[in-house]
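Below: the structure, in structure tokens.
Numbering (this note's numbering), first residue to last: 1499 to 1670.
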């Protein structure tokens, strides 16, 4: 029974970022996390069906197709609405947390890690963190593995957004 209780406190956290650029006109950056509490497989399957319908309609290669906020068009809006409808039906099964702040003097990487730390507190859960792939600067000391040591994070993995609808939902 204690093993079952421990597993019930583990959540997936799908993390995506915005404003990670060296452009001096980009004064803000943000990090968002889609936290899944339960029914991950059911939600994933439903989202996958929307994904397959969209790739079929737009004659796209699955590995190249991606839902992103900046890709919303009149032709694609139906699919984004379907995604929102699925999330609405499963509203008790997930949560979206985010932080969007002015860039600081610290490196974008350090600010990125700090924002993730902010999102995953309080420590009511342990997380399996799946982050959109972002290259760690060579000079940066800390890596995403740092979060395992300092946070309630059990595992960390970086993925390309095309690899999972959950990361794409985080982007939307």
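Where is the CB? At the ideal position from N, CA and C, for every residue including glycine.
Cα-Cα separation between residue i and residue j, rounded to whole angstroms
{"i": "residue 1558", "j": "residue 1517", "result": "27 Å"}
{"i": "residue 1646", "j": "residue 1591", "result": "24 Å"}
{"i": "residue 1534", "j": "residue 1522", "result": "35 Å"}
{"i": "residue 1572", "j": "residue 1553", "result": "16 Å"}
{"i": "residue 1623", "j": "residue 1536", "result": "13 Å"}
{"i": "residue 1611", "j": "residue 1642", "result": "7 Å"}
{"i": "residue 1514", "j": "residue 1556", "result": "25 Å"}
{"i": "residue 1656", "j": "residue 1565", "result": "18 Å"}
{"i": "residue 1602", "j": "residue 1519", "result": "13 Å"}
{"i": "residue 1653", "j": "residue 1532", "result": "16 Å"}
{"i": "residue 1586", "j": "residue 1539", "result": "16 Å"}
{"i": "residue 1651", "j": "residue 1574", "result": "35 Å"}
{"i": "residue 1583", "j": "residue 1507", "result": "26 Å"}
{"i": "residue 1578", "j": "residue 1570", "result": "8 Å"}
Exposed unless 16 or more other CB atoms sit within 10 angstroms - verdict on residue i
{"i": "residue 1550", "result": "exposed"}
{"i": "residue 1568", "result": "exposed"}
{"i": "residue 1576", "result": "exposed"}
{"i": "residue 1609", "result": "buried"}
{"i": "residue 1616", "result": "exposed"}
{"i": "residue 1496", "result": "The chain is shown only over 1499 to 1670; residue 1496 falls outside these bounds and no answer can be derived."}
{"i": "residue 1648", "result": "exposed"}
{"i": "residue 1509", "result": "buried"}
Which listed residue (the options) has its alpha carbon closest to that of residue i
{"i": "residue 1607", "options": "1509, 1653 and 1644", "result": "1644"}
{"i": "residue 1636", "options": "1622, 1605 and 1665", "result": "1605"}
{"i": "residue 1660", "options": "1562, 1581 and 1668", "result": "1562"}
{"i": "residue 1544", "options": "1509, 1580 and 1651", "result": "1580"}
{"i": "residue 1631", "options": "1584, 1619, 1666 and 1648", "result": "1666"}
{"i": "residue 1629", "options": "1584, 1619, 1648 and 1663", "result": "1663"}
{"i": "residue 1589", "options": "1634, 1541, 1547 and 1669", "result": "1541"}
{"i": "residue 1627", "options": "1634, 1633 and 1614", "result": "1614"}
Unbroken beta strand (DSSP E) run spanning residue i, endpoints
{"i": "residue 1653", "result": "1651 to 1657"}
First and last residue of the uninterrupted alpha helix (DSSP H) at residue i
{"i": "residue 1508", "result": "Element bounds for residue 1508: not the alpha helix (DSSP H) but the beta strand (DSSP E), 1508 to 1516."}
{"i": "residue 1644", "result": "1644 to 1648"}
{"i": "residue 1576", "result": "1575 to 1587"}
{"i": "residue 1667", "result": "1663 to 1669"}
*Decide yes or no for the touch test of the segment 1596 to 1611 against the segment 1523 to 1535: beta carbon pairs closer than 8 Å, at least 3 of them.*
The way I'd put it, the segment 1596 to 1611 does touch the segment 1523 to 1535; three or more beta-carbon pairs between them come closer than 8 Å.
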